[in-house]
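Undergrad:
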């Protein structure tokens, strides 16, 4: 059996950002250029984008993670914190009307847990990016 995945060099940070870019003001769209590996940002007011960006198979739309999936990641992270005080404060934040924003606002009060969150997000993002690439027939080399 031969591997028919397209080998492509992709900036991991750009792809993970695109996969997690749910909350932007201008309703962004990101696309992966299957020829260059570049992640293209197609937000409002940008010029110099390919005219056929949405219609050409060369460009693959990068669907961002849903708000529900992002919230579930936060809830799992918070539930695993052994320090009851930290866990309780962050649980209250997650129960806020704007849970993602409240969590991010509360997290800096606990630098060690903020750092742990960043590490967890990096690991999760890298796995999400690899899964996304494989689902689109791409074998990435990360830069």
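Residue numbers (this note's numbering): 2 to 144.
Backbone N, C-alpha and C define an ideal beta-carbon position, used for all residues, glycine too.
1. Tell me where the alpha helix (DSSP H) around residue 71 begins and ends.
2. Nearest-angstrom Cα distance between residue 37 and residue 129?
3. Going by beta-carbon coordinates alone, are residue 90 and residue 76 separated by less than 8 Å?
4. What does DSSP give as the partner residues of residue 142 in its beta bridges?
5. Quick one, are the C-beta atoms of residue 100 and residue 131 less than 8 Å apart?
6. Where does residue 106 land, buried or exposed, given buried means 16+ other C-beta within 10 angstroms?
7. Given a threshold of 16 other Cβ atoms within 10 Å of its Cβ, counted over all protein chains shown, does residue 11 qualify as buried or as exposed?
8. Among residues of its own chain, excluding the 5 on either side of residue 1, which ones have a beta-carbon nearer than 8 Å to its beta-carbon?
9. Would you kindly report the start and end of the unbroken alpha helix (DSSP H) that includes residue 97?
10. Tell me which residue opens and which closes the alpha helix (DSSP H) that residue 41 is part of.
11. Considering Cα atoms alone, identify which of 60, 20, 81 is closest to residue 127.
12. What residues match up with residue 61 in a beta bridge as DSSP calls it?
13. What would DSSP say about residue 104, mapped onto helix, strand or coil?
14. The alpha helix (DSSP H) spanning residue 117 covers which residue range?
TA: In brief:
1. 68-80
2. 20 Å
3. no
4. According to DSSP, residue 142 bridges with 10.
5. Not in contact: residue 100 and residue 131 (Cβ atoms no closer than 8 Å).
6. exposed
7. buried
8. In this structure the chain extends from 2 to 144, so residue 1 is not present and cannot be described.
9. First-last for residue 97: undefined, no H or E at that position.
10. No alpha helix (DSSP H) contains residue 41, which is instead part of the beta strand (DSSP E) from 40-42.
11. Closest option to residue 127, Cα to Cα, is 20.
12. 33
13. helix
14. 112-136
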